[in-house]
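Participant: Going by the working numbering, the sequence shown opens with residue 6, and the numbers climb by one from there.
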Amino acid sequence: MLCVEKYCRYKIVKGIGAALHYLHHLCKPCILHRDIKPSNILLDSNFNAKLADFGLSRIGNQDNVTLMTTAVGTEGYIDPECRKAGKVKFNLSSDVYSFGIVLLDITCTQKSREQVWDLYVRGRVMEAADDRLHGCGDSDMRQMERVAILGLWCSLPDSRKRPTSQEAMEVLERGVSLPDLNDLLN
Numbered sequence: 006m007l008c009v010e011k012y013c014r015y016k017i018v019k020g021i022g023a024a025l026h027y028l029h030h031l032c033k034p035c036i037l038h039r040d041i042k043p044s045n046i047l048l049d050s051n052f053n054a055k056l057a058d059f060g061l062s063r064i065g066n067q068d069n070v071t072l073m074t075t076a077v078g079t080e081g082y083i084d085p086e087c088r089k090a091g092k093v094k095f096n097l098s099s100d101v102y103s104f105g106i107v108l109l110d111i112t113c114t115q116k117s118r119e120q121v122w123d124l125y126v127r128g129r130v131m132e133a134a135d136d137r138l139h140g141c142g143d144s145d146m147r148q149m150e151r152v153a154i155l156g157l158w159c160s161l162p163d164s165r166k167r168p169t170s171q172e173a174m175e176v177l178e179r180g181v182s183l184p185d186l187n188d189l190l191n
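1. Can you tell me the Cα-Cα spacing of Ala-57 and His-38, whole angstroms?
2. Find out if the Cβ-Cβ distance for the pair Ala-134, Leu-124 is shorter than 7 Å.
3. When DSSP labels each residue in this structure, what does Lys-42 get in the three-state scheme?
4. Closest to Ile-36 by CA distance: which of Lys-116, Asp-188, Arg-88, Gly-60 is it?
5. Check each candidate in Leu-155, Asn-45, Ser-99 and name the one with the smallest Cα separation from Lys-55.
6. Is the number of C-beta pairs between the stretch 146-154 and the stretch 163-171 that are closer than 8 Å three or more?
7. Between Leu-97 and the rest of its own chain, which residues show a CB-CB distance below 8 Å, the 5 nearest in sequence each way excluded?
8. Taking Cβ positions, are Ile-41 and Asp-110 nearer each other than 7 Å?
9. Is Gly-88 helix, strand or coil when you go by DSSP?
10. Which whole-angstrom value describes the C-beta separation of Gly-105 and Gly-156, a residue pair presumed to lie in contact below a C-beta threshold of 8 Å?
11. What does the alpha-carbon distance come out to for the pair Glu-150 and Thr-112?
12. Could you pull the DSSP bridge partners for Ile-202 from this structure?
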């Protein structure tokens, strides 16, 4: 039963990633969601994820996908680069940051990003995993470990070092290698 939960979580992660990829790379012009968080993700009876609540979303300028606007979003999920008074630059990487925090919520419930990061640095990231995920096979746990590391990558403080939603989907769907995040901090 536990591994079924892992399967459902992974399916949800891929569904959210696919929705974000669609908004960022397949819509012309692109759409910035600006409020990706668990309560804006709907699940059907088969655990297919749907991104909802587009009340804060904006259509990106075709020439420049950066949007100057007042900071909006939900505390804890908003890009740190957008937590300022006055006009801030929202861009595709701002949504990727929020997606990363959601990935950490899914795999590492009850742990902050900082707690997960600390365990990653010590080579023990799966100690942060939700207890209900333990007991699955090694390949299942490696898959969830990849999701946790992807969550950390997506939520790096420097937006230039985050993956695009397309790169994130390549990790989830094609098993593309993850970078050593320690190298990205230098």
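By construction, the Cβ of each residue, glycine as well, lies at the ideal position given by its N, Cα and C atoms.
Facilitator: Walking through what the data contain:
1. Position 52 of the sequence shown, counting from 1, holds the residue named residue 57. Position 33 of the sequence shown, counting from 1, holds the residue named residue 38. Distance between the alpha carbons of Ala-57 and His-38 is about 9 Å.
2. Locating residue 134 in the sequence shown gives position 129, counting from the first residue. Locating residue 124 in the sequence shown gives position 119, counting from the first residue. Against a cut-off of 7 Å, the Cβ pair of Leu-124 and Ala-134 comes out as no contact.
3. Within the sequence shown, the letter at position 37 stands for residue 42. Looking at Lys-42 - three-state DSSP - the assignment turns out to be coil, as it is neither helix nor strand.
4. Residue numbering aside, residue 36 sits at position 31 when the sequence shown is read from its first letter. Considering only alpha carbons, the answer is Gly-60.
5. On the sequence shown, position 50 is the one that residue 55 refers to. Closest by alpha carbon: Asn-45.
6. no
7. Mapped onto the sequence shown, residue 97 falls at position 92. Correct list, in chain order: His-29, Cys-35, Leu-37, Gly-65, Val-70, Thr-169, Ser-170.
8. Translated into positions along the sequence shown, residue 41 becomes position 36. Translated into positions along the sequence shown, residue 110 becomes position 105. Contact flag unset, no.
9. The count along the sequence shown starts at 1 and reaches residue 88 at position 83. According to the sequence as given, residue 88 is Arg; it is not Gly. Correct three-state label for Arg-88: coil.
10. Working through the sequence shown from its first residue, we reach residue 105 at position 100. Working through the sequence shown from its first residue, we reach residue 156 at position 151. 5 Å between Cβ atoms; contact.
11. One-based indexing of the sequence shown puts residue 150 at position 145. One-based indexing of the sequence shown puts residue 112 at position 107. Cα to Cα, the separation comes out at about 8 Å.
12. The first residue shown for the chain is 6 and the last is 191, placing residue 202 beyond what the model contains.
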